[in-house]
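**Q** First, the structure itself, so that you have it in front of you.
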Amino acid sequence: MHHAIVEQVLEYPDAYLIVQQIESALHEERQKREAFYNDITDEFKYEFINGEVIMHSPVKKMHNECTKYLCELLDFYARRHKLGFVGIEKIMTALTRNDYEPDICFFGREKADKFTNKQTLFPAPDLVVEVLSDGTAKRDRAISIGGIKFTDYQAHGVEEYWIIDADEGVVEQYHLVDGAYQLILKSGEGHIRSFAVAGFMIPIPAIFDEDVNMQTMATILQSESQA
721 MHHAIVEQVL EYPDAYLIVQ QIESALHEER QKREAFYNDI TDEFKYEFIN
771 GEVIMHSPVK KMHNECTKYL CELLDFYARR HKLGFVGIEK IMTALTRNDY
821 EPDICFFGRE KADKFTNKQT LFPAPDLVVE VLSDGTAKRD RAISIGGIKF
871 TDYQAHGVEE YWIIDADEGV VEQYHLVDGA YQLILKSGEG HIRSFAVAGF
921 MIPIPAIFDE DVNMQTMATI LQSESQA
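First residue of the sequence shown: 721, per the numbering used here; consecutive thereafter.
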């Protein structure tokens, strides 16, 4: 897609002028981004997307529960196996142009071992999980329906991307293959196995249902005690 855009620009005789205008606009955007870094606090959830500061509204109870249920399972598993670092909601992921705070993100050991306790900006994760809300659905989903985050995570090599629809009880799993996301599953049933988190597999209902979540945690604990 990016090569096609470049080719289109090169068809214009004023291509250099177009590039100069883009560079000027991006320079102004970088200044806004620096101001964003200086102004934000940890009180609210903010993101910097294509030159705009986005402040997120409070989430629904089900959104919070899905995030919590999955994060608890993923965090325990990753810490138990020393696979890396799991962040939730306030981990500022700084990509080349935009800054996101994913609902859940995972960094493998290669990246996580370099983190410091006072670090506030983080590189592209290995796994990103976004729980849809009314305000974020368009940004989170595929580019064909306007998904800025989908395209950005793909372009920056985020190996795996989960999109969770808490209202429908469905998860979409995408895996990066040859630089493009491939849809692995879209379901509210069965199991989901991570590509980025080695050995992590859970029943999909464990993301949405408290009883199934507790049973899944008990199963993980039991398997760990027998290992």
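The beta-carbon is built from N, C-alpha and C at its ideal position, and this holds for glycine as well. On a predicted model such as this, the values are computed, not experimentally measured, just so you know.
Can you name, in chain order, every residue of its own chain whose Cβ lies under 6 Å from the Cβ of L794, other than the five neighbours on each side?
**A** Sequence index remark: in the sequence shown, residue 794 carries index 74 (1-based). Same-chain partners within the cutoff: V806.
**Q** In chain order, what residues of the same chain lie with their CB nearer than 7 Å to the CB of L815, ignoring the 5 residues before and after it?
**A** Walking along the sequence shown from the start, residue 815 turns up at place 95. Result list for L815: A844, D872, H876, in chain order.
**Q** Between which two residues does the beta strand (DSSP E) harbouring Y881 extend?
**A** Translated into the one-based positions of the sequence shown, residue 881 becomes position 161. Taken as a continuous stretch (DSSP letters only), the beta strand (DSSP E) holding Y881 covers 880-885.
**Q** Who are A900's beta bridge partners in DSSP?
**A** For the purposes of this step, residue 900 is identified with residue 180 of the sequence shown, where counting begins at 1. V897, per the DSSP bridge assignment.
**Q** Take K780 as the anchor and find which of D887, E743, G908 has the nearest alpha-carbon.
**A** Indexing the sequence shown from 1 puts residue 780 at position 60. Out of D887, E743, G908, D887 has the C-alpha closest to the C-alpha of K780.
**Q** Nearest CA to the CA of A916: which residue from G828, I742, F870?
**A** By 1-based counting over the sequence shown, the position of residue 916 is 196. The shortest C-alpha separation from A916 is found at G828.
**Q** Measuring only the C-alpha atoms, how far is K788 from Y901?
**A** Stepping through the sequence shown from its first residue, residue 788 is reached at position 68. Stepping through the sequence shown from its first residue, residue 901 is reached at position 181. Between K788 and Y901, the C-alpha separation is close to 25 Å.
**Q** Exposed or buried, which one is G908 when buried takes at least 16 other CB atoms within 10 Å?
**A** Mapped onto the sequence shown, residue 908 falls at position 188. It is exposed - the Cβ of G908 has fewer than 16 other Cβ atoms within 10 Å.
**Q** Under the three-state reduction of DSSP, which class applies to F796: helix, strand or coil?
**A** To locate residue 796, count along the sequence shown from 1; it is residue 76. It is helical.
**Q** Count the other CB atoms, across all protein chains shown, that sit within 10 Å of the CB of V848; report buried if there are 16 or more and exposed otherwise.
**A** In the sequence shown, counting from the first residue as 1, residue 848 sits at position 128. It is buried - the Cβ of V848 has at least 16 other Cβ atoms within 10 Å.
**Q** May I have the straight-line CA-CA distance separating L790 from A926, to the nearest angstrom?
**A** Within the sequence shown, residue 790 is the residue found at index 70, counting from 1. Within the sequence shown, residue 926 is the residue found at index 206, counting from 1. Taking the straight line joining both Cα atoms gives about 7 Å.
**Q** If you follow the beta strand (DSSP E) that R817 is in, where does it begin and where does it stop?
**A** Taking the first residue of the sequence shown as 1, we reach residue 817 at position 97. No beta strand (DSSP E) holds R817; DSSP gives it neither H nor E.
**Q** When you compare each of P778, Y757, T761, D762 to I769 by their alpha carbons, which one comes out closest?
**A** Stepping through the sequence shown from its first residue, residue 769 is reached at position 49. Among P778, Y757, T761, D762, the Cα nearest to that of I769 is on Y757.
**Q** Take H801 and list the residues in its own chain whose beta-carbon comes closer than 8 Å to its own, dropping the five residues that flank it on each side.
**A** Residue 801 sits at position 81 when you count from the first residue of the sequence shown. Taken in chain order, the residues that qualify are A918, G919.
**Q** With V773 as the anchor, note down where its beta strand (DSSP E) starts and where it stops.
**A** Numbered from its first residue, the sequence shown carries residue 773 at position 53. V773 -> beta strand (DSSP E) spans 772-775.
**Q** Closer than 7 Å by C-beta to D885: which residues in its own chain qualify, once you throw out the five before and the five after it? Chain order, please.
**A** As a working note, residue 885 is residue 165 in the sequence shown. Excluding sequence neighbours, D885 sits near L852.
**Q** Taking the CB atoms as reference points, tell me whether D823 and E809 lie closer together than 7 Å.
**A** Translated into the one-based positions of the sequence shown, residue 823 becomes position 103. Translated into the one-based positions of the sequence shown, residue 809 becomes position 89. Against a cut-off of 7 Å, the Cβ pair of E809 and D823 comes out as a contact.
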